[in-house]
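A.B. asks: Under this note's numbering, residues 3 to 372 are what the sequence shown spells out, in order.
Please find one structure pasted underneath; my questions will follow.
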Amino acid sequence: MPYGTWAFLHETVIYEYLMHRFNENQLRLRHIIINGLKEPKERWLKVTNLQDITNTRFPDINSITIKKDTKGERPAEVKFTTSMFDYHRSKHHVKIYNEFVEKNGCIIVLKHDTLPKGILDKQLIDVFQLDESDFTSFARENFVRFLNRQIRSHQHNKTWLMIQSKNFYEDNKLAASQSNRWCPTDNLTVFDLSIDDKIIFIRTKGASKQNVNMFWSRHRMIYSEWFLSELWIGKVTSPIQSRKEYCDIYGWEVTTPLWYDETEIGRIDKKITQRKSTGIRWNRVFEFKKVQELKNLNIQMNQMNEYLPEFVHAVIDIYTGKGSREISTDLYVSVMEYIAGYTNGIKENLLVSALDTSELKLTESTPFFH
Numbered sequence: 003m004p005y006g007t008w009a010f011l012h013e014t015v016i017y018e019y020l021m022h023r024f025n026e027n028q029l030r031l032r033h034i035i036i037n038g039l040k041e042p043k044e045r046w047l048k049v050t051n052l053q054d055i056t057n058t059r060f061p062d063i064n065s066i067t068i069k070k071d072t073k074g075e076r077p078a079e080v081k082f083t084t085s086m087f088d089y090h091r092s093k094h095h096v097k098i099y100n101e102f103v104e105k106n107g108c109i110i111v112l113k114h115d116t117l118p119k120g121i122l123d124k125q126l127i128d129v130f131q132l133d134e135s136d137f138t139s140f141a142r143e144n145f146v147r148f149l150n151r152q153i154r155s156h157q158h159n160k161t162w163l164m165i166q167s168k169n170f171y172e173d174n175k176l177a178a179s180q181s182n183r184w185c186p187t188d189n190l191t192v193f194d195l196s197i198d199d200k201i202i203f204i205r206t207k208g209a210s211k212q213n214v215n216m217f218w219s220r221h222r223m224i225y226s227e228w229f230l231s232e233l234w235i236g237k238v239t240s241p242i243q244s245r246k247e248y249c250d251i252y253g254w255e256v257t258t259p260l261w262y263d264e265t266e267i268g269r270i271d272k273k274i275t276q277r278k279s280t281g282i283r284w285n286r287v288f289e290f291k292k293v294q295e296l297k298n299l300n301i302q303m304n305q306m307n308e309y310l311p312e313f314v315h316a317v318i319d320i321y322t323g324k325g326s327r328e329i330s331t332d333l334y335v336s337v338m339e340y341i342a343g344y345t346n347g348i349k350e351n352l353l354v355s356a357l358d359t360s361e362l363k364l365t366e367s368t369p370f371f372h
């Protein structure tokens, strides 16, 4: 990444912007270059189809369709500026670049500057530009998350907290704990959740979301009757993908129920939050495998908060509907230590089975919190 105006940001931020705005049905592109010639009019065109961007290999986008674009469905490469495109000069991309040309591949840029030298000798290229003002607003709104992601991109795998719902354990439809597939409630992408990341599904008891939220928001206190009852620890085995892509792999219709709340019984379950929309609720899927299951913990959350407030506050967030939360490896290790100490050794070999060798920095003489 060159030093300069966009040196801080990675192209994955543009990928996320594209997917986010497309999912909102608000993605539009300005046609800058058509068949190698500058478009004199300011034409903004709506994107009607965008295949999920799942990696950074050329081309970034395998399929995009833009309204009123006469060339129809085509691949696209994403760059910050047009001049950064150089695959037409690469000896390592001759075959795939020729396929890109045959399929009317185009370039999507944050800001158009100049066409790359020599590209018009090989293709009458099309260039589309993002709404720079809208992208800037998106980047500002998500600045802290993007910064943390970039800092952690060179570190170890991540650990994520997610709340269990009826979809995780209800057996009317093969429960997620058995089917090993899940959909996050927020907008996690392949650039957040990766293969081999840990995922901790949490189950609590004794208090409603309303009571937990009320006590916390009004008094900054943990509801006394709220207990941590179960931790189900897994490891991510597939990247997040669209529901359609996932169903295509197994030869299913996209409307095939994948979780309990999509079944006929689940749709009328009064304990399931009902939606006004009748469309598909869960549009993204990833798979995982079981590492460790800790049941019947009965740990009082207000007591745990005295030792592990960062963890308890993260659980409050996911329990009250604020999506997934990433926690540090150090915090994960501390939680496992706390549970092992709290259960007085009942959870046999907990630390060995729940922690990777690289995370296990304890000895037999290492004391727990209490």
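The beta-carbon is built from N, C-alpha and C at its ideal position, and this holds for glycine as well.
These numbers were taken from a predicted model, which means no experiment stands behind them.
Suppose you measure from the CA of ARG30 to the CA of TRP46; what does that come to, to the nearest Å?
C.D. replies: For ARG30 and TRP46, the distance between alpha carbons rounds to 6 Å.
A.B. asks: For ASN51, write down the residues that DSSP places opposite it in a beta bridge.
C.D. replies: According to DSSP, ASN51 bridges with THR67.
A.B. asks: Within the continuous alpha helix (DSSP H) that includes PRO77, where are the two ends?
C.D. replies: Note, PRO77: premise wrong, no alpha helix (DSSP H); beta strand (DSSP E) at 76-83.
A.B. asks: Are at least three pairs of beta-carbons, each pair with one atom in the region 160-168 and one in the region 190-199, less than 8 Å apart?
C.D. replies: With the cut-off at 8 Å, the region 160-168 and the region 190-199 touch.
A.B. asks: Using only the alpha-carbon positions, how far apart do ASN351 and THR14 sit?
C.D. replies: At ASN351 the pLDDT is 49, less than 50, meaning the model places this residue with poor confidence; the figure from the coordinates comes in the next sentence. For ASN351 and THR14, the distance between alpha carbons rounds to 40 Å.
A.B. asks: Which term fits PRO61, buried or exposed, when burial requires 16 or more other beta carbons within 10 angstroms of its beta carbon?
C.D. replies: Burial call: buried.
A.B. asks: Alpha carbon to alpha carbon, how far is PHE290 from THR239? Give it in angstroms, no decimals.
C.D. replies: Their backbone Cα atoms lie some 5 Å apart in a straight line.
A.B. asks: Looking at the strands, I want to know which residues DSSP matches up with MET164.
C.D. replies: DSSP lists PHE203 as partners of MET164.
A.B. asks: Measure the C-alpha to C-alpha separation of ARG205 and LEU233 and round it to an integer number of angstroms.
C.D. replies: Their Cα atoms are separated by approximately 6 Å.
A.B. asks: Taking DSSP's pairing of strands, which residues face HIS33 in a bridge?
C.D. replies: DSSP output for HIS33 lists PHE130 as bridge partner(s).
A.B. asks: Would the region 130-144 count as touching the region 14-28 if we require 3 or more Cβ pairs under 8 Å?
C.D. replies: Contact between the region 130-144 and the region 14-28 is present, because at least three Cβ pairs lie under 8 Å.
A.B. asks: Is the separation between the beta-carbon of GLN125 and that of ARG32 shorter than 8 Å?
C.D. replies: No, these two residues do not count as a Cβ contact at 8 Å.
A.B. asks: Determine the contact status of GLU430 and SER65, defining contact as a CB-CB distance below 8 Å.
C.D. replies: In the structure as shown, the chain starts at 3 and stops at 372, and residue 430 therefore has no counterpart that could be examined.
A.B. asks: Mark LEU39 as exposed unless 16 or more other C-beta atoms lie within 10 angstroms of its C-beta, in which case mark it buried.
C.D. replies: So LEU39 ends up on the exposed side.
A.B. asks: Is THR84 near THR58, with beta carbons less than 8 Å apart?
C.D. replies: No, these two residues do not count as a Cβ contact at 8 Å.
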